[in-house]
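Engineer: Residue numbers (the numbering used here): 25 to 196. After the structure tokens below, expect a handful of questions from me.
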């Protein structure tokens with residue numbers, strides 16, 4: 025996490041200037057399809073499952089590689105831009121709510137199951153893997169992934185860890 029931006033209020037003009045500055049910096053490290061900053065594109069990222077509170081990020085970054093994530097974080101740090109990581113956005117606590125002067129860093133494309141080891145009862149997965157996909161991958165070995173928040177079809181392992189999510193199967 026980067027240091028938070030100053031709490032000052034920006035005029036619409038100042039916000040647009042800052043948005044342009046941040047978008048240009050990120051354009052240097054991400055392909056154009058991996059950046060969103062138009063209102064219609066960023067609206068889905070204004071909140072997570074806690075829809076009572078909304079804030080539009082300056083930019084949404086959609087990196088596809090670890091190197092791109094590192095580059096985004098370096099660029100944001102250099103500009104003192106706060107970054108809020110986001111997975112599926114199913115959480116109900118506001119954990120993925122963006123900072124109004126920051127970047128929403130979507131990790132949704134990190135969705136690969138790298139390994140399931142039945143003998144050690146472990147799996148190596150990326151943070152964007154859905155809970156249900158982990159259970160599906162473990163099922164052929166007679167195993168299951170215990171945490172099952174009500175949003176298990178859509179929620180991700182990264183969100184489970186970040187939000188300390190569980191579910192009734194954790195009691196089994």
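For each residue, glycine too, the CB sits at the ideal point set by N, CA and C.
1. Restricting to Cα atoms, I'd like to know which of 50, 156 and 162 is closest to residue 146.
2. Quick one: give me the first and last residue of the alpha helix (DSSP H) that residue 98 is part of.
3. On the three-state DSSP scale, how would you describe residue 147?
4. What residue from 82, 149 and 165 has the CA that sits closest to residue 138's CA?
5. Among the residues of its own chain, which have a CB less than 6 Å from the CB of residue 133, if the five just before and after it don't count?
6. Taking DSSP's pairing of strands, which residues face residue 141 in a bridge?
7. When the Cβ atoms of the stretch 154 to 170 are set against those of the stretch 77 to 97, are three or more pairs found closer than 8 Å?
8. Look up residue 110 in the DSSP assignment and say whether it is helix, strand or coil.
9. Can you check which of these residues, 166, 135, 124 and 38, is closest to residue 141 by C-alpha distance?
10. Work out the CA separation of residue 46 and residue 125 for me, nearest whole Å.
11. Between 68, 103, 121 and 50, which lies nearest to residue 91 when the distance is taken from Cα to Cα?
12. Residue 49 lies in the alpha helix (DSSP H); which residues open and close that run?
13. Exposed or buried, residue 70, counting other C-beta atoms within 10 Å across all chains shown (16 or more means buried)?
14. For residue 184, which residues in the same chain have their Cβ closer than 6 Å to its Cβ, ignoring the five residues on either side in sequence?
15. Quick one: residues in its chain with C-beta nearer than 6 Å to the C-beta of residue 68, no 5 flanking neighbours on either side, listed in chain order?
Structural biologist: Reading from the atomic positions:
1. Residue mapping note: residue 146 aligns to position 122 of the chain shown, counting from 1. Nearest of 50, 156 and 162 to residue 146, Cα basis: 162.
2. Here residue 98 refers to the residue found at position 74 when the chain shown is read from its first residue. Here the alpha helix (DSSP H) through residue 98 covers 90 to 102.
3. As a working note, residue 147 is residue 123 in the chain shown. Residue 147: strand per DSSP, three-state reduction.
4. Indexing the chain shown from 1 puts residue 138 at position 114. Ranking 82, 149 and 165 by Cα distance to residue 138 puts 149 first.
5. In the chain shown, counting from the first residue as 1, residue 133 sits at position 109. Counting only Cβ-Cβ distances below 6 Å, and skipping sequence neighbours, we find 88.
6. For the purposes of this step, residue 141 is taken as residue 117 along the chain shown, with counting starting at 1. Partner(s): 146.
7. no
8. The residue given as residue 110 occupies position 86 in the chain shown. Correct three-state label for residue 110: strand.
9. For the purposes of this step, residue 141 is identified with residue 117 of the chain shown, where counting begins at 1. Minimum Cα distance to residue 141 is reached at 166.
10. Residue numbering aside, residue 125 sits at position 101 when the chain shown is read from its first letter. Residue numbering aside, residue 46 sits at position 22 when the chain shown is read from its first letter. Cα-Cα distance, rounded: 10 Å.
11. As a first step, residue 91 is located in the chain shown; it is residue number 67 there, counting from the start. When only C-alpha atoms are compared, the closest one is 50.
12. Position 25 of the chain shown, counted from the first residue, corresponds to residue 49. Per DSSP, residue 49 belongs to the alpha helix (DSSP H) from 36 to 51.
13. Counting from 1 along the chain shown, the entry for residue 70 is found at position 46. Buried.
14. Here the question's residue 184 lines up with position 160 in the chain shown. Only 171 meet the Cβ criterion.
15. Indexing the chain shown from 1 puts residue 68 at position 44. Contacts found: none.
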